[in-house]
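For the sequence shown, our numbering assigns the number 1 to the initial residue and increments by one for each residue that follows.
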Amino acid sequence: MNIRHNIELQPYNSFRTKAVARLFAEPESGTELSGILRNFPQERKLILGAGYNIFFTKDFDGLIIRPAMKGITIVKETDRGVELEAAAAEEWDALVEYCVAKGYAGLENLSLIPGSVGASPVQNIGAYGTEVKDVITRVRAVDMETGEVRAFNGEACAFAYRDSIFKRTGRYLITSVTFALDKSFVYKEKYVDLSRELQGIASPTLMQVREAIIRIRTRKLPDPVKLPNAGSFFKNPVLSREETERLQVILPDLPVYNLGGERFKTSAAFLIEKAGYKGKRKGMVGVYEKHSLIIVNYGTENGEEISDFMKEIQQSVMQQFAVALQPEVWIY
Ligand SMILES: Cc1cc2nc3c(=O)[nH]c(=O)nc-3n(C[C@H](O)[C@H](O)[C@H](O)COP(=O)(O)OP(=O)(O)OC[C@H]3O[C@@H](n4cnc5c(N)ncnc54)[C@H](O)[C@@H]3O)c2cc1C
């Protein structure tokens, strides 16, 4: 069991903020993980994947566990599809690339999302009309409080928009995820931007869909290596009918998506832009000029500078539109 002490976390989070973890472990197997949990029962713990959705405002006085289990296995195969199990530390987009190259359909719309396989169910990653819950059949995890090994089916994961049981409880360390993928593929429009990018192609292949998404994302999103960021900083707010109608009076062009019943999702990026924050910079932090949902770091190592800027945006949107923006990013 390899436990390291006083580890600088700057290389382990895509915002590149500085903080020190008192204890740090990278278990490569379930057995190694169980040993760590047995040896540090009382220690405060935090699971870290590839660090694209998390940043630190202070040192972490506890144990950071960064799963290092690798491997992709076909667990079931028929003429129509495959069930494929991928270990937590596999890189997400490498898995998508592998599946697309093999002709397995289901993950292609989630191309180029940065991060690890193990983190994908936590916030039920989504893009271009697809959420990862659509193809997950099983999540294997270890309960960090009891050491028990558990398998969750799709229903037990309690997936919702950018949410799951794993996110709500924070107590399960995911060791692998199983996906059900199809061997046949017919492109169906789920997202207008994507169809526009594919215009002129009669029946797009899996690879053409992946390449189109990579082109759109590369144009639109800042590369975290060149301009540190954590992707969408806030969740899109879900409002009641009354709140939506009130807002449409002051913002007639407010984008609204009916989730069914009396719940309406609107665009956090739109509200941030209308609050005057698109492209706005304060010190070493700012809102990306091409995408108002993304906060970028122009050079600070201090996570508090980012969280202060986040609070300023939240207050401004609250004052102007009476909407509470919730962060999608984890802040420690
Ligand atoms: C440029 C950019 C674009 C992005 N685009 C999208 C997008 O289109 N859609 C989208 O949904 N997200 C997007 N994101 C967010 C991010 O890619 C996802 O949240 C991704 O799943 C993070 O993976 P990670 O391994 O880096 O997780 P981390 O940031 O390391 O961790 C995120 C959370 O998951 C927990 N966690 C990590 N691994 C495990 C595990 N094995 N078991 C249990 N808990 C774990 C952590 O404790 C933490 O709470 C984007 C981020 C960036 C920087």
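A virtual CB, placed ideally from N, CA and C, is assigned to each residue, including glycine.
Take residue i as the anchor and find which of the options has the nearest alpha-carbon.
i	options	result
LEU63	GLU155, PRO255, SER111 and LEU46	LEU46
PHE270	GLU312, VAL323 and GLU262	VAL323
GLY303	ASP59, ARG219 and ALA50	ASP59
LYS133	ASP308, GLN123 and VAL142	GLN123
SER307	PHE56, VAL177 and ASP193	PHE56
TYR51	ARG219, ILE113 and ILE136	First, the residue type needs correcting, since residue 51 is Gly and not Tyr in the sequence shown. Answer by Cα proximity: ILE113.
LYS183	ILE214, LEU247, GLU77 and ILE36	GLU77
THR169	THR178, ALA158 and SER176	ALA158
SER240	VAL317, ASN229, ILE250 and GLU262	GLU262
GLU328	GLU8, ARG138, PHE233 and ASP163	PHE233
ARG38	VAL142, ASN109 and ARG210	VAL142
ARG22	VAL82, TYR191 and ILE7	ILE7
ASN2	VAL296, ASN153 and THR31	THR31
LEU335	PRO222, PHE321, LYS311 and ALA88	The chain is shown from 1 up to 332; residue 335 falls before or after that span and cannot be answered.
In its own chain, which residues sit with a C-beta less than 6 Å from the C-beta of residue i, not counting the 5 before and 5 after it?
i	result
THR73	GLU85
ARG44	GLY62
GLU145	ARG171
THR300	MET284
ALA156	none
Buried or exposed: where does residue i fall if 16 or more other Cβ atoms within 10 Å of its Cβ makes it buried?
i	result
HIS5	exposed
TYR277	buried
ALA19	buried
TYR128	buried
TYR104	buried
ARG16	buried
ILE65	buried
TYR12	buried
ALA101	exposed
ILE201	exposed
ILE136	buried
GLU148	exposed
Who are the near neighbours of residue i in its chain, counting only those whose CB is closer than 7 Å to its CB and skipping five residues on each side?
i	result
SER29	MET69
SER333	Nothing about residue 333 can be reported from this structure: the residues present for the chain run from 1 to 332 only.
GLU305	GLY283, MET284 and VAL285
LYS220	LYS290 and HIS291
GLY231	TYR52, ASN53 and ILE294
PRO204	TYR187 and LEU198
Below 7 Å, is the gap between the Cβ of residue i and the nearest heavy atom of ligand 1?
i	result
PRO224	yes
GLY51	yes
ILE47	yes
SER14	yes
ILE36	no
LEU221	yes
ILE214	no
GLN348	Outside the displayed range of the chain (1 to 332) lies residue 348, so it cannot be described from this structure.
LEU173	yes
ASN109	no
PHE166	yes
ARG126	The displayed chain sequence assigns Gly, not Arg, to residue 126. Yes, the beta carbon of GLY126 sits closer than 7 Å to at least one heavy atom of ligand 1.
In its own chain, which residues sit with a C-beta less than 8 Å from the C-beta of residue i, not counting the 5 before and 5 after it?
i	result
PRO237	LYS265, THR266, ALA268, LEU271, VAL323, ALA324, LEU325 and GLN326
GLU189	SER195
ASP193	TYR128 and ILE216
PHE166	PRO121, VAL122, VAL139, ALA141, CYS157, TYR172 and ILE174
Can you name the residues that DSSP bridges to residue i?
i	result
ALA21	ILE7 and PHE60
LYS280	In the DSSP output, where bridge partners are listed per residue, LYS280 has none listed.
ALA151	ARG140
GLU74	It should be noted that the sequence gives Ile, not Glu, for residue 74. Per DSSP, LEU84.
PHE264	LEU239 and ASN258
VAL177	ALA86 and VAL139
PHE234	PRO327
ALA105	ASP182
LEU198	Per DSSP, none; premise fails for LEU198.
ILE65	ALA25 and ILE47
VAL385	This structure does not reach residue 385, given that the chain is present from 1 up to 332, and the question cannot be answered.
ASP163	ALA160
PHE55	ILE331
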